[in-house]
DNA sequence: GTACGCAACTTGTTGGTACAAGTCCAGCAA
DNA sequence: TTGCTGGACTTGTACCAACAAGTTGCGTAC
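This is the structure we're talking about:
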């Protein structure tokens, strides 16, 4: 065994195999570094290289003083095409709470509002000059006390004022409905989905481990005339997936009952 | 400088800052490990820890014998809602080629077909028993000689036979149209978007560097009666993003001219 | 002029040591 | 019973040394 080009790669391959075949189930504790040193007859340095490789693949997590553990990737579904449908009775936040409860989790949310100059990412999409003031509404969603997603929405100042979005609290019926009531009816949007490794900042605010990417999608919503909203959702990839339901999916939904 | 909790973290923070502020532009070569050792007065080990951290964040790439370089994240757009629209004249492969050419790149594709027993991931979505034979059609897309995406589509045997998909070559008008002509008209689909770190296998077939996640989306397409297709697209995140265009986006498209 | 080969330089791998820092539990003290 | 402390164990950080392997360019040989 452990016959790959280099020692530590061979050891990593062997442990990876034991994980992917299910021999080492999620949550299982790996042998300690000392035990692995004896087992493979190598130095601690080499063992740590192998473990670091597995950690960066998102397969294991090491905790100082406790050991290394096989990581679990569960996934809560983020419904990109359901959250903001005007024909649904509740806001996206309420939808999140209801869905999580149904799945047996304890959800909670934290809301904040800020007025700030638009950075390029936002200004370009809203088609306004950089540094124009915009309203930022942030929702951080938690599942069982752990951050599940961070959602930032930016609105042009005039839109936010007319729709009453420049207030420091959540809006029960949802911001999309509030905008529609003020005459800004969304008729379509563009979603840009990307993925990247978390920045040191993300590590703090999103509680992501090393080896776990984040999924980011930026939604630019339009009325008939102009863009009125930019929403960026950032999700740790080890506990979320995004689902788009498109076209007529009645046949599918019938099987879900 | 370099005042963080630990030495190597402080060094990593400092270099990361120089990258994110643009002082070190993409493609720039970092100082050599020896130079960094002198500069920070630490051991090579510590320098390598700092560089490894940056590599795993996708910020730099190190090449044996050459040095470390600031990595570039360009992004070619993968149009998830355009590729298979029946009202477009060409197949998704042709659309990819046309779009890439327009952006000034040299695209190419490689096609293969296989008949294989369905694994759980596919069988569940097609609602057939595991190990039932299905047709797999694979398209690997290249940009300037480098892999850009891998697309696997699975079809139930009966559907594939009636639509003439069990042939070892590309289908000019697109498989969706071929299926429609055979009476299997897609009326909707579910897209599941996830992200993960590349497996050793992905490293080979997709040519992804360490520190770069892959974006995966699995599309299950339905006719009025049943699921007839599962397509999985795997994209290296450093050179791709997925775009969904939903609703009425005429106003947006008018600004793109 | 061209091509080859070698020296110098770079990162990759593996070995070793020492101490710091976090976790856990047994055992003692109140 | 409760609470605390200390020791054993674990991973984290930092240092050192040596050689392997890949890259580059200069200089020599043809």
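Protein chains in written order, with full-length UniProt numbering: chain A, 1 to 257; chain B, 1 to 257.
Beta carbons are placed, not taken as given, at the ideal position from N, Cα and C, and that holds for glycine.
Treat the numbers as computed from the prediction; the structure is a model and nothing was measured.
- Under a three-way DSSP split, which group does residue 170(B) fall into? In the three-state DSSP reduction, residue 170(B) falls in the coil class, being neither helix nor strand.
- Who are the near neighbours of residue 106(B) in its chain, counting only those whose CB is closer than 6 Å to its CB and skipping five residues on each side? So the list reads 144, once near-sequence residues are dropped.
- Item | Pairwise C-alpha distance: residue 191(B) and residue 44(A) | Residue 44(A) and residue 191(B): Cα-Cα distance of roughly 44 Å.
- Item | Minimum C-alpha distance to residue 9(B) - residue among 136(B), 52(B), 167(B) | Answer by Cα proximity: 52(B).
- Task: Below 8 Å on the Cβ atoms is my guess for residue 148(B) versus residue 239(B); work out the distance and round it to an integer in Å.
- Result: Rounded, the Cβ-Cβ distance is 7 Å, consistent with contact.
- Message: Classify residue 253(A): buried if its beta carbon has 16 or more other beta carbons within 10 angstroms, exposed otherwise.
- Response: Residue 253(A) comes out exposed.
- Local conformation of residue 253(A) per DSSP, three classes: In this structure, residue 253(A) counts as helix in the three-state DSSP scheme.
- Measure the alpha-carbon distance for residue 25(B) versus residue 13(B) and round it to whole angstroms. Per the coordinates, the alpha-carbon of residue 25(B) lies some 16 Å from the alpha-carbon of residue 13(B).
- Please report the residue range of the beta strand (DSSP E) in which residue 146(B) lies. Taken as a continuous stretch (DSSP letters only), the beta strand (DSSP E) holding residue 146(B) covers 146-156.
- Validate contact between the stretch 124-133 of chain B and the stretch 195-207 of chain B using beta carbons, cut 8 Å, 3 pairs: No, the stretch 124-133 of chain B does not touch the stretch 195-207 of chain B.
- Item | Neighbour flag for residue 197(B) against chain A, beta carbons, 8 Å | Under the 8 Å criterion on CB atoms, residue 197(B) is classed as interfacial with respect to chain A.
- Message: Pull the bridge partners of residue 133(B) from the DSSP assignment, please.
- Response: According to DSSP, which records beta bridges pairwise, residue 133(B) is partnered with 117(B).
- By the criterion of Cβ-Cβ separation under 7 Å, what are the contact partners of residue 154(B) in chain A? Within 7 Å Cβ-Cβ: nothing; residue 154(B) doesn't reach chain A, min ~17 Å.
- Message: Rounded to the nearest angstrom, what separates residue 216(A) and residue 73(B) at their Cα positions?
- Response: If you draw a straight line from the Cα of residue 216(A) to the Cα of residue 73(B), it is about 15 Å long.
- Task: For chain B, find out if any of its Cβ atoms is closer than 8 Å to the Cβ of residue 79(A); answer yes or no.
- Result: Residue 79(A) does not count as touching chain B.
- Message: Per DSSP, what are the beta-bridge partners of residue 82(A) in this structure?
- Response: Note: residue 82(A) sits in no beta bridge, so no partner.
- Task: Label residue 56(A) either buried or exposed according to how many other C-beta atoms from any shown protein chain fall within 10 Å of its C-beta, with 16 as the threshold for buried.
- Result: By the 10 Å Cβ count, residue 56(A) comes out buried.
- Starting from residue 237(B), find everything on chain A with Cβ-Cβ shorter than 8 Å and list it in chain order. What residue 237(B) touches in chain A, judged by beta-carbon distance under 8 Å, is 194, 195, 196, 213, going in chain order.
- Quick one: grab the DSSP three-state call for residue 239(A). In the structure shown, residue 239(A) sits in coil (DSSP, three-state: anything other than H, G, I, E or B).
- Task: With DSSP as the reference, please indicate the residues paired to residue 292(A) in a beta bridge.
- Result: Residue 292(A) lies beyond the range of chain A shown here (1 to 257); nothing can be said about it.
- Can we count residue 77(B) as close to the ligand MG, meaning its CB is less than 7 Å from some heavy atom? Among the components modelled here there is no ligand, and therefore nothing to report on the ligand MG.
- Query: Is there at least one Cβ from chain A nearer than 8 Å to residue 22(B)'s Cβ?
  - Reply: Answer no: the Cβ-Cβ gap between residue 22(B) and chain A never drops below 8 Å.
- Task: Using a Cβ cut-off of 8 Å (strictly closer), state whether residue 126(A) contacts chain B.
- Result: Judged by the 8 Å Cβ criterion, residue 126(A) is not in contact with chain B.
- Closest Cβ-Cβ distance between residue 231(A) and chain B: below 8 Å? With 8 Å as the cut-off, residue 231(A) does not count as an interface residue toward chain B.
- Query: How long is the line joining the alpha carbons of residue 334(A) and residue 153(A), rounded to whole angstroms?
  - Reply: No answer is possible for residue 334(A): the residues shown for chain A start at 1 and end at 257.
- Do you know offhand how far residue 226(A)'s Cα is from residue 31(B)'s? Here the alpha carbon of residue 226(A) sits roughly 47 Å from the alpha carbon of residue 31(B).
- Can you tell me the Cα-Cα spacing of residue 2(B) and residue 123(B), whole angstroms? Legend: pLDDT at residue 2(B) = 45, less than 50; position of this residue unreliable, value from coordinates given subsequently. Straight-line spacing of the CA atoms in residue 2(B) and residue 123(B) works out to 53 Å.
- Query: In chain order, which beta strand (DSSP E) runs of at least 3 residues are fully inside the stretch 29-64 of chain B?
  - Reply: You should have 60-63.
- Message: With H, G and I counted as helix, E and B as strand and the rest as coil, what does DSSP make of residue 1(B)?
- Response: Note that residue 1(B) scores a pLDDT of 48, beneath 50, so its modelled location is shaky; the value from the coordinates is reported in the next line. The answer is coil: DSSP assigns residue 1(B) none of H, G, I, E or B.
- With distances taken between CB atoms, is the gap from residue 184(A) to residue 228(A) smaller than 8 Å? Contact: yes.
- Note down, in chain order, every chain A residue with its Cβ under 7 Å from the Cβ of residue 187(B). What residue 187(B) touches in chain A: 247, 248.
- Task: Could you give the DSSP three-state label for residue 234(B): helix, strand or coil?
- Result: Correct three-state label for residue 234(B): strand.
- Message: At the 8 Å Cβ level, is residue 191(B) part of the contact set with chain A, yes or no?
- Response: Residue contact check for residue 191(B) against chain A: a CB pair falls below 8 Å.
- Which of helix, strand or coil does DSSP assign to residue 17(B)? Looking at residue 17(B) - three-state DSSP - the assignment turns out to be helix.
- Within 10 angstroms of its Cβ, does residue 237(B) collect 16 or more other Cβ (buried), or is it exposed? Burial check for residue 237(B): the Cβ neighbour count within 10 Å reaches 16 or more, so the residue is buried.
- Are any of the Cβ atoms in chain A nearer than 8 Å to that of residue 210(B)? Output row for residue 210(B): interface = yes.
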